[in-house]
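Enquirer: Pasting in a structure now, in structure tokens, and then I'll have a few things to ask.
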Amino acid sequence: NAGVTQTPKFQVLKTGQSMTLQCAQDMNHEYMSWYRQDPGMGLRLIHYSVGAGITDQGEVPNGYNVSRSTTEDFPLRLLSAAPSQTSVYFCASSPRAGRNTEAFFGQGTRLTVV
Amino acid sequence: GNSVTQMEGPVTLSEEAFLTINCTYTATGYPSLFWYVQYPGEGLQLLLKATKADDKGSNKGFEATYRKETTSFHLEKGSVQVSDSAVYFCALSDRKGGSEKLVFGKGTKLTVNP
């Protein structure tokens, strides 16, 4: 079972470059989200989507864009990378955006901006 | 808004020792509470959850009880194993903007030595 698949696993960018982190899930989940994980900060929500065509901002959205054209895919775009965006990024999906719903996480993308 | 505070660690124990990781929360209403675990090099996965006061979540020998009076959800295990070495995150569901989101604590790294 694939679950939530993130690519790439590792990436090094130069300041000012752009890139897209890919996230795909094969569980037909409505709800998808992106988090960043930084030492001592836990996980912070960047953007989320409650269904195809619907996205919204989380806690730390600046510098990131998302779109949700299909149920399966939820890419995260860095428009102009900055060293402050060095982090580990996790994509997650849930069957729905409910209070009792388990989130399923990908294995993460470790991004370094130099 | 809603928030989670957990002991930051790191925590180092010997095999078969008793484990407690403290977690307290601040919330309006009655959120669901979760413990997620992150094994080295992997994404987060749900360990256990509780959806209302006095509920006890349990899985793989771990337990946590939803205590409304003390706003706590402490994680316990009677006898840890080397394979329990991981980072543990306490989380709650937070309803904002019409949908539920997960709010995470900063994580507690557990190392179990043989």
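Line by line, the protein sequences give chains A and B. Here the first sequence is numbered in my numbering, starting from 1 and rising by one per residue. Here the second sequence is numbered in my numbering, starting from 1001 and rising by one per residue. Beta carbons are placed, not taken as given, at the ideal position from N, Cα and C, and that holds for glycine.
Strictly by DSSP, which residues pair up with A1027 (chain B)?
Expert: BP columns for A1027 (chain B) are empty, so no partner.
Enquirer: On the three-state DSSP scale, how would you describe Q85 (chain A)?
Expert: DSSP places Q85 (chain A) in the helix class (H, G or I) of the three-state scheme.
Enquirer: Would you report the Cα separation of R1067 (chain B) and P1031 (chain B), rounded to the nearest angstrom?
Expert: 12 angstroms
Enquirer: Interface residues of chain A around K1106 (chain B) at Cβ under 8 angstroms?
Expert: The contacting residues are G40, M41, G42.
Enquirer: Short check: CB of R68 (chain A) to CB of G58 (chain A), under 8 angstroms?
Expert: no
Enquirer: Please list, in chain order, all residues of the same chain as V1087 (chain B) whose beta carbon is under 6 angstroms from its beta carbon, the five residues on each side excluded.
Expert: Q1038, G1107, K1109, listed in sequence order.
Enquirer: May I ask you to report which of helix, strand or coil DSSP gives V113 (chain A)?
Expert: strand
Enquirer: Checking 8 angstroms against the spacing of the C-beta atoms, do S49 (chain A) and A92 (chain A) come in under that value?
Expert: Taking 8 angstroms as the Cβ cut-off, S49 (chain A) and A92 (chain A) do not qualify as a contacting pair.
Enquirer: Reducing DSSP to helix, strand and coil, say where S1117 (chain B) ends up.
Expert: No information on residue 1117 (chain B) is available, as it lies outside the stretch 1001 to 1114 that chain B covers here.
Enquirer: Going by the C-beta, is G1009 (chain B) closer than 7 angstroms to any heavy atom of the ligand COA?
Expert: Among the components modelled here there is no ligand, and therefore nothing to report on the ligand COA.
Enquirer: Out of curiosity, what's the CA-to-CA distance linking S1072 (chain B) and S1083 (chain B)?
Expert: 26 angstroms
Enquirer: Is it the case that the Cβ atoms of Q22 (chain A) and Q6 (chain A) are separated by a distance below 8 angstroms?
Expert: yes
Enquirer: Can K9 (chain A) and Q107 (chain A) be called in contact, C-beta distance under 8 angstroms?
Expert: Here K9 (chain A) is near Q107 (chain A), since their CB atoms are less than 8 angstroms apart.
Enquirer: Hey, out of B:Y1025, B:S1003, B:T1024, B:L1075, whose CA is closest to G1057 (chain B)'s CA?
Expert: In terms of CA proximity to G1057 (chain B), B:L1075 leads the group B:Y1025, B:S1003, B:T1024, B:L1075.
Enquirer: Excluding the five sequence neighbours on either side, which residues of its own chain have a C-beta within less than 6 angstroms of the C-beta of L79 (chain A), listed in chain order?
Expert: S18
Enquirer: Examine chain A for any beta-carbon lying closer than 8 angstroms to the beta-carbon of K1109 (chain B), and answer yes or no.
Expert: No, no contact with chain A.
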